[in-house]
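Engineer:
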Amino acid sequence: MAHPLVYVPRLTSTQTLTARLAESGWPEGTTALAEEQTAGRGRLGRSWWTPPGQALLCSILLRPAIPPRQAQQLTMVAAVAAAEAIEATCDTPTAIKWPNDLYVQGRKVGGILTETRLSIRGDVLEQAVVGIGINVAVDFSSQPELQHTAISLHAAAGREVSRIALFTHLAERLERRYEELLAGRSCQDIWSSRLLWIGEEVKVITPEETVVGIAVGVEETTGALLVRTSDGIKTFQAGDVVLHRQH
Ligand code: BTN
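Residue numbers for the sequence shown follow this note's numbering, so the first one is 1183 and each next one is one higher.
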């Protein structure tokens, strides 16, 4: 992969910049990095903001030509690569909360947002922008709504963590895992083995419904969450999951 790196200290969102670069023909592997986003995006239309210079904020352009139903595989690749990069950089065991949250010590340390565009015929993904945000040195102690649910690598590791080292590991792992995916080797097993709460009673919240049941696993290829309820197995493509006993 070619890797043009575009660094912009302050911008709206690395996702927006990367999508624009994609439209102007920049190659696969183009990566945007920023210190601060004024309109950072999270999953399900949420916003994502971190104080300037305290997080790793990046978006990577991919042109995978895979069927749209496999789009989740890109998020899996990115989540696994990010978890491996965190562990390689600061030795902090990292889990994945379905579908794309990075968890350290039971709290969210980062997240992945994959935004895709279909080919004109609609049969393959023409482009995907994979955005990764990792809290490196954000101090959540003064934020009551986040201090028990979010964490930084700095706090988890008990020492300073280099964003450059983290990014270097991330780029290496992501490239390797992405090449494996294109060669037909999914990282689904590795992704599933890092998933939190399989076998536990969870609550899944979607815009349409809230369902309680046992998270029994994920579907092959799509990565959809399978939850055993009193009405049988339900399949979720998207949504928020929380541990039932905590809520
Ligand atoms: C989530 O947890 O909902 C996903 C968060 C993804 C945030 C990253 S930060 C870099 C990139 N640019 C964005 O606007 N969002 C992603």
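Quick reminder that beta carbons are idealized off the backbone N, C-alpha and C, glycines included.
Does the Cβ of Leu1364 have 16 or more other Cβ atoms within 10 Å, making it buried, or fewer, making it exposed?
Structural biologist: Locating residue 1364 in the sequence shown gives position 182, counting from the first residue. Leu1364 is exposed by the Cβ-count criterion.
Engineer: Using a Cβ distance threshold of 8 Å, determine whether the segment 1220-1237 contacts the segment 1326-1333, with at least three qualifying pairs required.
Structural biologist: Counting Cβ pairs under 8 Å, fewer than three are found: no touch.
Engineer: Using the beta-carbon count (16 or more within 10 Å), is Ile1302 buried or exposed?
Structural biologist: Looking up residue 1302 in the sequence shown gives position 120. Exposed, since its Cβ has fewer than 16 Cβ neighbours within 10 Å.
Engineer: Beta-carbon within less than 6 Å of Gln1419's beta-carbon, same chain only, minus the 5 sequence neighbours each way: which residues are those?
Structural biologist: Taking the first residue of the sequence shown as position 1, residue 1419 is located at position 237. If we look at Gln1419 and ignore the five residues flanking it on each side, its Cβ neighbours are Ala1406.
Engineer: Keeping to the same chain, check which residues put their C-beta closer than 6 Å to that of Thr1232; ignore five residues upstream and five downstream.
Structural biologist: Taking the first residue of the sequence shown as 1, we reach residue 1232 at position 50. Within the same chain, Thr1232 has close Cβ partners Val1320.
Engineer: Is there at least one non-hydrogen atom of ligand 1 closer than 6 Å to the beta-carbon of Ser1241?
Structural biologist: Within the sequence shown, residue 1241 is the residue found at index 59, counting from 1. Correct: Ser1241 has its Cβ closer than 6 Å to ligand 1.
Engineer: Using the Cβ count rule (16 or more neighbours within 10 Å means buried), how would you classify Thr1417?
Structural biologist: One-based indexing of the sequence shown puts residue 1417 at position 235. Classification for Thr1417: exposed.
Engineer: Starting from Val1424, trace the beta strand (DSSP E) in both directions and tell me its first and last residue.
Structural biologist: Position 242 of the sequence shown, counting from 1, holds the residue named residue 1424. That run of the beta strand (DSSP E) goes Asp1422 to Leu1425.
Engineer: Checking the sheet assignment: what are the DSSP bridge partners for Cys1240?
Structural biologist: Start at 1 with the first residue of the sequence shown, and residue 1240 comes out as number 58. Bridge partners of Cys1240: Leu1215 and Ile1314.
Engineer: With a threshold of 6 Å, establish whether the CB of Ser1334 neighbours any heavy atom of ligand 1.
Structural biologist: The sequence position of residue 1334 within the sequence shown is 152, counting from 1. Ser1334: no, Cβ never under 6 Å from ligand 1.
Engineer: Could you tell me the alpha carbon to alpha carbon distance between Thr1392 and Ser1374, rounded to whole angstroms?
Structural biologist: Taking the sequence shown and counting its residues from 1, one reaches residue 1392 at position 210. Taking the sequence shown and counting its residues from 1, one reaches residue 1374 at position 192. Each residue's alpha carbon lies about 23 Å from the other.
Engineer: Can you tell me whether Asp1413 is helix, strand or coil according to DSSP?
Structural biologist: Position 231 of the sequence shown holds residue 1413. Coil at Asp1413, not helix or strand.
Engineer: Mind checking whether the beta-carbon of Leu1300 lies closer than 6 Å to any heavy atom of ligand 1?
Structural biologist: One-based indexing of the sequence shown puts residue 1300 at position 118. The answer is no for Leu1300.
Engineer: Sorry if obvious, but does the Cβ on Arg1359 come closer than 6 Å to a heavy atom of ligand 1?
Structural biologist: Your numbering for residue 1359 matches position 177 in the sequence shown. No, Cβ of Arg1359 sits at least 6 Å from all heavy atoms of ligand 1.
Engineer: Three-state secondary structure (DSSP) at Thr1350?
Structural biologist: For this step, residue 1350 is matched to residue 168 along the sequence shown. Helix, per DSSP.
Engineer: Where does Ser1375 fall in DSSP's three states?
Structural biologist: Your numbering for residue 1375 matches position 193 in the sequence shown. Of the three classes helix, strand and coil, the one that applies to Ser1375 here is helix, per DSSP.
Engineer: How about the segment 1248-1256 and the segment 1288-1306: do they share at least three Cβ pairs that are nearer than 8 Å?
Structural biologist: The segment 1248-1256 vs the segment 1288-1306: in contact.
Engineer: Let me know the secondary structure DSSP gives Pro1191 once reduced to three states.
Structural biologist: In the sequence shown, counting from the first residue as 1, residue 1191 sits at position 9. It is a strand residue.
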